[in-house]
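Numbering (full-length UniProt numbering), first residue to last: 1 to 256. Worksheet: one structure, shown below.
Below you can see the structure in the form of structure tokens.
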């Protein structure tokens, strides 16, 4: 996207700063892919950016504690409810499921999708290194990427997809699979929400292509047109919307 007599406009991306380690590589990769990137936890930056990246390194419970400490569950929920793109990476994928288990502890996640993050079989952990993935037909995230390898570092994963489609009028989530002893979820694309278990920022050319594909989705949202200042009031609150909606008939983590 460009304006007359100017350089192409870069999409703005906030990498959520909640204490996760080793996020600089994600910032650099996104900048290389063509984004204007800021590392921040400020609500204004989280809400107003064209795209939000939720990185994740460490244990599921520790990541959830870090997210809650900066009010991220509420802010992320507002972005998703408002159709604003979010990309979760590594444990940033896992936390969007209902729960994670580690050392016998059960930790609630963000609950966007049903399912539990569980330890991979003992003879294949940690899953550290390059692996192929099986994206679904029509995936936007993996457009133009064929038989490429991505870099994984994890011991826990979501090994079953438990989502039940309740409406034929809503596009179902697209799930990408990988295998390490057992099949596990490598990526999910669900409306404005995209997540990867692997690290695209460490996945060489394939990872860079995937990040560019994601940045392209920011352009398609139409959010990059010039706009005035936004505030939290401009974004729907999922909890409040649920409280006021009329009744209807219907319907590890991981160590890096």
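All C-beta atoms, glycine included, are put in the ideal place defined by N, C-alpha and C. What you are looking at is a predicted structure, and each value in this text was computed from that prediction instead of being measured.
query: Please say whether residue 100 and residue 117 have beta carbons closer to each other than 9 Å?; result: yes
query: How long is the line joining the alpha carbons of residue 98 and residue 172, rounded to whole angstroms?; result: 18 Å
query: When the Cα of residue 102 is compared with those of 61, 77, 68, which residue comes out closest?; result: 61
query: For the alpha helix (DSSP H) that residue 69 lies in, which residues bound it at each end?; result: 60 to 69
query: Just mark residue 106 as buried or exposed, buried being the case when its beta carbon has 16 or more other beta carbons within 10 Å.; result: exposed
query: Candidates 32, 49, 34, 120: which alpha carbon is nearest residue 40's?; result: 49
query: List, from N- to C-terminal side, the beta strand (DSSP E) runs of 3 residues or more that fit wholly inside the stretch 13 to 95.; result: 36 to 40, 51 to 54, 86 to 89
query: What does DSSP give as the partner residue(s) for residue 193 in the beta ladder?; result: 86, 190
query: Can you tell me which of 104, 69, 113, 46 puts its alpha carbon nearest to the alpha carbon of residue 191?; result: 113
query: Roughly how many angstroms lie between the CA atoms of residue 64 and residue 146, to the nearest whole one?; result: 33 Å
query: Thinking C-alpha only, which one of 203, 115, 135 is nearest residue 177?; result: 135
query: Using the C-alpha atoms, what's the distance from residue 201 back to residue 34?; result: 13 Å
query: Compute the Euclidean distance between the alpha carbons of residue 96 and residue 196, then round it to the nearest angstrom.; result: 11 Å
query: With a threshold of 16 other CB atoms inside 10 Å of the CB of residue 209, please say whether the residue is buried or exposed.; result: buried
query: Compute the Euclidean distance between the alpha carbons of residue 59 and residue 88, then round it to the nearest angstrom.; result: 15 Å
query: Is residue 56 near residue 29, with beta carbons less than 9 Å apart?; result: no
query: Alpha carbons only, please: which of 205, 37, 24 is nearest the one belonging to residue 12?; result: 37
query: With distances taken Cα to Cα, identify the nearest neighbour of residue 104 among 119, 26, 212.; result: 119
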